[in-house]
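Numbering (the numbering used here), first residue to last: 2 to 307.
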């Protein structure tokens, strides 16, 4: 349970709250060590999405064989939500903040995942956002609109911040995503300490921002480096383990800019496969930590230890 006023509410109604809670999936066992840095993938739960949201823009005539190949049956997708925790030199750094309790019932479990690795929200020193979609940003405030990570610095790419704080965004983004714009602006405005950065900036020692625009206008990934070792936190630049790998050039309905999102995905796949760099994808299975391998047709995701 979240150790804020939400905790009090949960305890007052513990029987009801626990019986209604979504199944907890904590990927605390998925971790890697790079020098003195420990990187852990934590689960915020999983989303429930209509398949048409993802597959709507792809070539429909070519879609059925790929759905069969990846055993994607039915009209609902349930992608995992993996929040990256970096622990190094006294810092506890989160990449994204999860969904909180206001988005979907199956998410909002990050505080429980942190507790499983011996941390509380007050222990977090830095929160760095890939982008400001609900499942990445909305968990930054508790149920009373107080900052959940009270002792943390909060950082986001400048272009991403400016996009969501622009009053014109709510009209330009489309009716189906208007709530995203309202929710993002409210949370970003509540973070009085919010800092911004640019592509290529070293935002923390050994952590560099990498522009991966397309999923949102200012989406950022992050390269964590220790000596010759590196890991890329890709957020939603690679948004699933199936079509994004098999056909990265295809448009994804999850991306706000379909063309830019596909171009970013193709370039990122090529780099990760060429360098054999470990990655963490926010919506990939088994904690999202693994590598990209080239295949005869496209790429494939190889989970850590797989």
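Glycine residues also receive a C-beta, built at the ideal position from the N, C-alpha and C atoms.
- Inclusion of residue 186 and residue 166 in the CB contact set at 8 Å is warranted, their separation being smaller than that value.
- For the set 48, 170, 95 and 78, the Cα lying nearest the Cα of residue 85 is the one of 95.
- Using a 10 angstroms sphere on the CB of residue 37, the tally of other CB atoms stays under 16, which defines it as exposed.
- Collapsing the DSSP output to three states places residue 248 in coil.
- Residue 45 and residue 119 do not touch by the CB rule: their CB atoms are close to 18 Å apart, not below 8 Å.
- In terms of CA proximity to residue 197, 156 leads the group 178, 173, 156 and 217.
- Between residue 258 and residue 215, the CB-CB gap stays under 8 Å.
- Per the DSSP secondary-structure output, residue 231 pairs in a beta bridge with 226.
- Residue pairing by DSSP puts residue 290 in a beta bridge opposite 281.
- Counting other Cβ atoms within 10 Å of its Cβ, residue 54 stays below 16 and is therefore classed as exposed.
- The C-alpha of residue 126 lies about 15 Å from the C-alpha of residue 41.
- Take residue 174, set aside five residues on each side of it, and the residues of its chain with a beta-carbon closer than 6 Å to its own are 182, in chain order.
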